[in-house]
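**Student:**
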Amino acid sequence: MDIVLQQLVNGLTLGSVYGLIAIGYTMVYGIIGMINFAHGDVYMVSAYITAIAIALLTFFGIESFPIILIGTLFLTVAVTGAYGWVIERIAYRPLRNSSRLAVLISAIGMSLILQNYVQLSQGANQQGVPTLLTGAMRIEVGDGFVQITYMKLLILFISLLGMGVLTYVIQKTKLGRMCRATQQDRKMASILGIDTDKVISTVFVIGAMMAALAGVLVTLDYGAFDFYVGFIIGIKAFTAAVLGGIGSLPGAMLGGLILGLSEALFAGLISSDYKDVFSFSLLVLILVFRPSGLLGKPEVEKV
Amino acid sequence: MSQAIGIDLKKSSVDALIAGLLALILFGPIVGVLLDGYGFKTEFDRVAWIVAIVAFGRFMLSCFLQTEKGIALVHRFARSDDGAIVLPPGHKSKMVWVIPLVIVIGLLVPFIASKYVLTVVILGLIYVLLGLGLNIVVGLAGLLDLGFVGFYAIGAYGLALGYENLGLGFWSMLPIAAIMAAVAGAILGFPVLRMHGDYLAIVTLGFGEIIRLVLINWSSFTHGPNGVSAPLPTFFGLEFKRRSSDGQTFHEFFNLPYDSGYKYMFIYLILFLVVLAVLFIKHRLVKMPIGRAWEALREDEIACRSLGLNHVLVKLSAFTIGASTGGLAGVFFATYQGFVNPSSFTFFESALILAIVVLGGMGSTLGVVIAAFCLTVLPEILREFAEYRVLMFGILMVVMMVWKPRGIVRVTRTGFASRKGASK
Amino acid sequence: MSQENILTVENLAMHFGGIKALNDVTFDIKRGSVSALIGPNGAGKTTVFNCLTGFYKATGGSIMLSACGKETSIIKVLGEPFKWTDFISPVAFFGRLKYKMFGGSHLVNRAGLSRTFQNIRLFKEMSVVENLLVAQHTRVNRSLIAGILNTKAYRQSESDALERAFYWLGVVDLVDSANRLAGELSYGQQRRLEIARAMCTNPEIVCLDEPAAGLNPSETEALTKMIRVLRDEHNATVLLIEHDMGMVMDISDYIVVLDHGVVIAKGGPDAIKNDPKVVAAYLGAEEDEEVTL
């Protein structure tokens, strides 16, 4: 019983991280209908920048955790956002009118570039960050107990905050309105005077920033990472996006939570070696039986 | 520079400044601050170089694009006219004599080349096989398969495990592995191929990873990360070992001194013949109804359905034929290495095969052969740049898609002589 | 079901989410006729077409196609959802499963109905002849072994296919462009090629979606002649959507008028011309006002 509860807690934090990354997939898919393969690697880059930011901040003698956290969040989100912008500008914008296959291949190329570039400049070894936030709450459950570390609480808090802010931006601001208009009909939006290229760039930057948020949180929690982490977590976040209904923002968050929870339960109760296999199989099953996901609209083929 | 040429130096400088600033933001942390435990080392000279190169490059590009030549280039860029060309009916290529020449040279290679060269050429041919397989799937049928390495792994592990568990040798596993890979392709493809094209890419990517994870984690069967040894082919039952436990070996039978090069010569010759056969079959397939249906499906799936083509089965046929070619390549890879382990079947391998297809040109057979050799032999020659290999593949993919999405070799189509029509 | 009607549409309904694109559409198409489906923009004409040709799965009603010597339910071959009764009767279950796994719009074509598209869908990177060869996919020798070994039977079948292709190129006057890429053709030529391609599948009924859109008057006239040839010399029934009223009135034996997803009138050209409902639908006038087309 306590194992199940413990895994539910772990799954919830894992799921909110998946949700954050899935936002990048779902928004980009919604607006230009492509799978941004390099998104997982953007997350990976943000993990490195997190470690670098922490190293720099401690080097300058800052030791208070809140300041390090805020400084790291700010630096990482800003730099990763710049990555998002540049990737779109170099690898996707010139292909706006090409076939889907060309865009997809270009995205894979970008993903390889990012992985190898980080590997070449930072080395292939695993890197890590020191544990900065320790301590946990214990809740007695029957004979055993469930342990919730403060870091996990922080992850939940910050990712919910991030999603909340994003939802507000998309629903209430002018920028959000432009995004939604472009998503509905790109041509019409541009006729009405919206600079759609700029909107698309913005979406990429937002996606990268959300991935950076996830990158900071996961890196602080797990501590270790290498240049290959983006690959698996990228596929999982994509699974979350598809599960929730690709193109739908609340769907990405919901899909992330469901995937995180079910994966944690699978790992805790059945086998942790095959938890990645479980997620991939889940992806295939969703695509076969409900390609529009939980909250997505079924796609009507235009004949 | 004068106003007459119309170069706005101020604009170029601003462009360069922005590019330099962006490069500083992007490369500054990752390249400049090298993580070392929980501390770091700084490498600001590397960042300075990169920023300088980016800013200067952007400046030159910005200037160039304002000249007449640059404007002309942009115009040419905007108009993509590098489509396929239809050959006139009855067209005979002037290069037909090359084919027998290549066959003769190919058959002579093992007897003149050194053992090292031979191993490199064998590797090149294995990638030709892989490239041809993926070319059917991606180039002809337009299905992006990112898990191609999974079928390669099925072939390789099929040989190794088939030998270990069932005692099957190279010759029996060669067809069985091809069939196994095809069946795996069909099982994966049937549910997946009816969905939206982009999803296929992700699902196949997941499939490739699943195969690798199973190979690593199912250690009781696959021996996990340690790998399994694979058998060598036999020459009418004669083995290529120094000593054989049962029966004679190749060098004993022919009264030759033992030389480990013989096995490579033999593998090479079989592989060469298989590649020729696959090339011939692919050449025929493209002209056959099935090949036409693949290309039609790539062009317009809805129109295909309106013409009575079962799109799922047509895609499935491309997928399974491609997969079986991958399985064949896997068998050769295992026997050539004498050993297989999961680290040979990572996503990078799939990306390399995709790079071969992309560089060679979607659907072009000749292009794939050339590209396969370029991408496998060049890194062997340029060993000191080996670690930049994957970076180069990535850059190659992006540049090719932006610049020449159809690859370097232009696709040609057969023309048909005009004839009298008949309605029935 | 009578042999006289090739296509029987009853109570056809199509809903997209909450939007009711079609409500209760009923009409018959007579074998060997040229019929037209007309109506103002947004009336649901293309939706009807997509239901008939199996690209949309209709929400309700039935579409029966009586061609190639058998009756085909177009909704059934697309694969229907399972009903609880299927789990009792294995025959019904496997029938449904078969169509769920292998069904789809291609079966509609195989049942003898072919179509063209409003925004032309040719295989642009393939040559004109190849476009017509693809259309004969189900008729040629598809054996892999025969093809790879280039057997006599295979060559014969390919040669027959080429002859048919050139025959249809002759009909649509494109023989000179046989070896050009389909994407390079002019707009009018692309329209004609699409019709030839649809005819290469040997259909008994061919559905043309706005065949005259974007054609100049002389091209439209040539098209009219061609459609008559299809009916008179090839025993094809023609169903078309068209906005060019002159052409529709000139060519059609039977006209179905749709408005807001409902059939508002059916009949011969003369009857339709004078039907006040039709006039009202087109001109937005009150029903009792006297307006003539």
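In the order they appear, the protein sequences are chains A, B and C. To convert, note that position 63 of the first sequence is 63 in UniProt numbering; the numbers rise steadily by one, no gaps. To convert, note that position 62 of the second sequence is 62 in UniProt numbering; the numbers rise steadily by one, no gaps. To convert, note that position 161 of the third sequence is 161 in UniProt numbering; the numbers rise steadily by one, no gaps. All residues carry an ideal CB built from backbone N, CA and C; glycine is no exception.
(1) Rounding to the nearest angstrom, what Cα-Cα distance links C:S186 and B:V278 in this structure?
(2) How long is the line joining the alpha carbons of A:G135 and B:L143, rounded to whole angstroms?
(3) What does the alpha-carbon distance come out to for the pair A:V284 and B:E209?
(4) For B:P175, which residues in chain C fall below 7 Å Cβ to Cβ?
(5) Residues in the stretch 271-284 of chain A with C-beta within 7 Å of chain B's C-beta atoms, listed in sequence order?
(6) Consider the Cβ of B:R419: report whether some Cβ of chain C lies at a distance smaller than 9 Å.
(7) Just to confirm the assignment, what range does the beta strand (DSSP E) spanning residue 309 of chain C have?
(8) Of all the residues that make up the stretch 111-122 of chain A, which are near chain B by a beta-carbon distance shorter than 9 Å?
(9) From C:L283 to C:N41, what distance separates their C-alpha atoms?
(10) Which residues in the same chain have their Cβ closer than 7 Å to the Cβ of B:V390, if we skip the five residues on either side of it in sequence?
(11) Where do the N-terminal and C-terminal ends of the beta strand (DSSP E) with A:Q147 fall, by residue?
(12) Pull up the distance between the alpha-carbon of A:A252 and that of A:Y29, whole angstroms please.
(13) Measure the Cβ-Cβ separation of B:V369 and B:G227 and say whether it is below 9 Å.
(14) The alpha helix (DSSP H) that contains C:N109, what's its start and end?
(15) For the stretch 320-352 of chain B, list every residue whose C-beta sits within 7 Å of some C-beta in chain A, in sequence order.
(16) Under 9 Å, Cβ to Cβ, is there at least one residue of chain C near B:C374?
(17) Who are the neighbours of B:G39 on chain A, taking C-beta pairs under 9 Å?
(18) If we count Cβ pairs, one from each stretch, closer than 8 Å, do we get three or more for the stretch 9-20 of chain A versus the stretch 175-187 of chain A?
(19) Rounded to the nearest angstrom, what separates B:H91 and B:R413 at their Cα positions?
(20) Give the straight-line distance between the Cα atoms of C:R231 and C:M249, rounded to the nearest whole angstrom.
(21) Keeping to the same chain, check which residues put their C-beta closer than 6 Å to that of B:N135; ignore five residues upstream and five downstream.
(22) Does any residue of chain C have a CB that is nearer than 9 Å to the CB of B:I302?
(23) Helix, strand or coil for C:L293 per DSSP?
(24) Quick one: Cα of C:R139 to Cα of C:Q3, how far?
(25) Quick check on the DSSP output: the alpha helix (DSSP H) that includes B:G261 runs from which residue to which?
(26) Starting from the C-beta of A:V205, find all residues in its chain whose C-beta is less than 7 Å away, skip the five residues before and the five after it, and write them out in chain order.
(27) Which residues in the same chain as C:G32 place their Cβ atom closer than 7 Å to its Cβ, once the five residues preceding and following it in sequence are excluded?
(28) Judging by CA-CA distance, which residue of A:A38, A:L132, A:F59 is the nearest neighbour of A:G223?
(29) B:M195 touches chain A at which residues, Cβ-Cβ below 7 Å?
(30) Show which residues of chain C have a CB atom less than 8 Å away from the CB atom of B:P89.
(31) Let me know the secondary structure DSSP gives C:F55 once reduced to three states.
(32) Please classify A:Y150 as buried or exposed, where buried requires at least 16 other C-beta atoms within 10 Å of its C-beta.
(33) Going along chain B, which residues have a C-beta under 8 Å from C:F16?
(34) Can you name, in chain order, every residue of its own chain whose Cβ lies under 8 Å from the Cβ of C:T85, other than the five neighbours on each side?
(35) Just to make sure I have the definition right: I need the residues of chain A whose C-beta is within less than 7 Å of the C-beta of B:G142. Which are they?
(36) Residues of chain A with CB under 7 Å from B:I210, in chain order?
**Tutor:** Reading off the structure:
(1) 39 Å
(2) 50 Å
(3) 13 Å
(4) Under the 7 Å cutoff, chain C gives no residues; its nearest Cβ is about 15 Å from B:P175.
(5) Here the close residues are D273, Y274, D276, V277, F280, L283, V284.
(6) yes
(7) Examination of residue 309 of chain C is not possible in this model, given that chain C is present from 1 through 293 alone.
(8) S111, L112, I113, L114, Q115, N116, Y117, V118, Q119, L120, S121, Q122
(9) 12 Å
(10) F348
(11) It spans 144-149 - the beta strand (DSSP E) in which A:Q147 sits, taken as one unbroken run.
(12) 12 Å
(13) Contact flag unset, no.
(14) 105-110 is the span of the alpha helix (DSSP H), which, as asked, contains C:N109.
(15) Flagged, chain order: F347, A351.
(16) no
(17) For B:G39, the C-beta contacts it makes with chain A under 9 Å involve A55, T58, F59, in order along the chain.
(18) At 8 Å Cβ cutoff, the stretches do not touch.
(19) 10 Å
(20) 16 Å
(21) V357, V368
(22) yes
(23) Its pLDDT being 48, under 50, C:L293 is placed unreliably by the model, and nothing is read from it.
(24) One C-alpha to the other measures close to 25 Å.
(25) 261-287
(26) G81, G84, W85
(27) Excluding sequence neighbours, C:G32 sits near R231, N235, T237.
(28) For the residues A:A38, A:L132, A:F59, the minimum Cα distance to A:G223 belongs to A:L132.
(29) L287, P291
(30) Near B:P89 (Cβ distances below 8 Å), the residues of chain C are N179.
(31) coil
(32) exposed
(33) Under the 8 Å cutoff, chain B gives no residues; its nearest Cβ is about 18 Å from C:F16.
(34) A92
(35) L101
(36) Neighbours of B:I210 on chain A, chain order: V277, F280.
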